[in-house]
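K.L.:
Residue numbers (the working numbering): 1 to 319.
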Amino acid sequence: MKVFINKRIPEIGINLLKEAGLDVSIPENENLSHEEWLSYCKDTDAILNVGHHTFDKDFFEECSNVKAIALYSVGFDHVDIAAANQGNVPVGNTPDVLSKATSDVAFLLMQSVARRASYNFQKVKEGNWGDFDPLHALGQELYGKTLGIFGLGRIGFEMAKKAQKAFDMNIIYNNRHQNEEAENELNATYVSFDELVEQSDVLSIHANFTPDRKDLFNRSVFEKMKPNSIFINTARGGFHQQTDLYDALVAREIWGAGLDVTNPEPMMKDDPILGLSNVCVLPHIGSATMEARDGMARIAAENIIAFSKGEQMPHCVNP
Ligand code: DGY
Numbered sequence: 001m002k003v004f005i006n007k008r009i010p011e012i013g014i015n016l017l018k019e020a021g022l023d024v025s026i027p028e029n030e031n032l033s034h035e036e037w038l039s040y041c042k043d044t045d046a047i048l049n050v051g052h053h054t055f056d057k058d059f060f061e062e063c064s065n066v067k068a069i070a071l072y073s074v075g076f077d078h079v080d081i082a083a084a085n086q087g088n089v090p091v092g093n094t095p096d097v098l099s100k101a102t103s104d105v106a107f108l109l110m111q112s113v114a115r116r117a118s119y120n121f122q123k124v125k126e127g128n129w130g131d132f133d134p135l136h137a138l139g140q141e142l143y144g145k146t147l148g149i150f151g152l153g154r155i156g157f158e159m160a161k162k163a164q165k166a167f168d169m170n171i172i173y174n175n176r177h178q179n180e181e182a183e184n185e186l187n188a189t190y191v192s193f194d195e196l197v198e199q200s201d202v203l204s205i206h207a208n209f210t211p212d213r214k215d216l217f218n219r220s221v222f223e224k225m226k227p228n229s230i231f232i233n234t235a236r237g238g239f240h241q242q243t244d245l246y247d248a249l250v251a252r253e254i255w256g257a258g259l260d261v262t263n264p265e266p267m268m269k270d271d272p273i274l275g276l277s278n279v280c281v282l283p284h285i286g287s288a289t290m291e292a293r294d295g296m297a298r299i300a301a302e303n304i305i306a307f308s309k310g311e312q313m314p315h316c317v318n319p
């Protein structure tokens, strides 16, 4: 069986595929244009896909040779699952192995924004260390404050656990379903979306992105948030309306924002958000640890190998 990997992944994944006797191809040039990528896809049985190439209805029609897709990500918002189902194409993802790493980044952003790390780092870089000043560069402490999680799944759970251990934060959440484990272990409380927005001192998004959630966090939401609240997005940039977020940050309707995902992505270097002192922006590095990336390579390979043996993928999003 032919497997096309569009970008080099950690060796552990490539070795597993080769040991399973699969015919693996990785292009020399990893920055493929859409047309080049498509032509590789037309000549393979399975794809191990890194990044956000769109697998839409047209793709499944044009590449009916593709029998399985293993994503090198937990998110699958770039795949039209209905179209995959129609073509009987199983789609695998890589959950769990990146939950700690991604929630670490959410936690890091929360702390950075609360203590104004970007602003202070910028001052040091500009040679403006400044004298000790009792009234300047003051951040805020998070002890005993309320962390609101939108999407309390695996990553949200890890974020909530850390916040509770480190800062004794009170956890509230809104989700499609109630999370009994979080209610029992973290004393988390299910609240309505509006209550989440109005009561959170830190609001952190950890949900799957779906088209009906586009721009869910917009002007009317930012207006309802507390003036000292912190907005964190490590999920998908599509969740927030970025101009509305910019306006809320400029007007100090909220304290600040920490973003590992932006809208659009990548964020351009002249984006006005980058000129603000109350933001910290990272280039989508949630899962960028050696441990998580190895785990993702292993799971993506295992998904393909299971399929090649006629078995169910261990992590299939459209069983
Ligand atoms: C994921 O795994 O979904 C990360 O956001 C990388 O795409």
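Glycine included, each C-beta is placed from N, C-alpha and C at the ideal position.
Skipping 5 residues on each side, what residues in its chain have a beta carbon closer than 8 Å to that of residue 137?
P.N.:
116, 119, 120, 123 and 130
K.L.:
Just the Cα atoms here: how many angstroms apart are residue 196 and residue 97?
P.N.:
28 Å
K.L.:
Check whether the stretch 101-111 touches the stretch 222-239, counting contact only when three or more Cβ pairs, one atom from each stretch, lie closer than 8 Å.
P.N.:
yes
K.L.:
Give me the DSSP bridge partner(s) of residue 80.
P.N.:
DSSP output for residue 80 lists no bridge partner at all.
K.L.:
Drop a sphere of 10 angstroms on the beta-carbon of residue 145, count the other beta-carbons inside from all chains shown, and report buried for 16 or more, exposed for fewer.
P.N.:
buried
K.L.:
Check each candidate in 91, 75, 86 and 79 and name the one with the smallest Cα separation from residue 102.
P.N.:
75
K.L.:
Hey, would you say residue 206 sits closer than 8 Å to residue 167, going by beta carbons?
P.N.:
Result no, Cβ atoms of residue 206 and residue 167 do not sit closer than 8 Å.
K.L.:
Please go through the stretch 85-110 and give each complete beta strand (DSSP E) segment of 3 or more residues, from N-terminal end onward.
P.N.:
none
K.L.:
How close, in whole Å, do the beta carbons of residue 191 and residue 199 come, if the pair is a contact with beta carbons under 8 Å?
P.N.:
7 Å
K.L.:
Let me know if residue 270 comes out buried or exposed under the rule of 16 or more other beta-carbons within 10 Å of its beta-carbon.
P.N.:
exposed
K.L.:
When you compare each of 319, 80, 15 and 114 to residue 202 by their alpha carbons, which one comes out closest?
P.N.:
114
K.L.:
Since I believe residue 300 is in contact with residue 13 (beta carbons under 8 Å), could you give me their beta-carbon distance rounded to a whole number of angstroms?
P.N.:
6 Å
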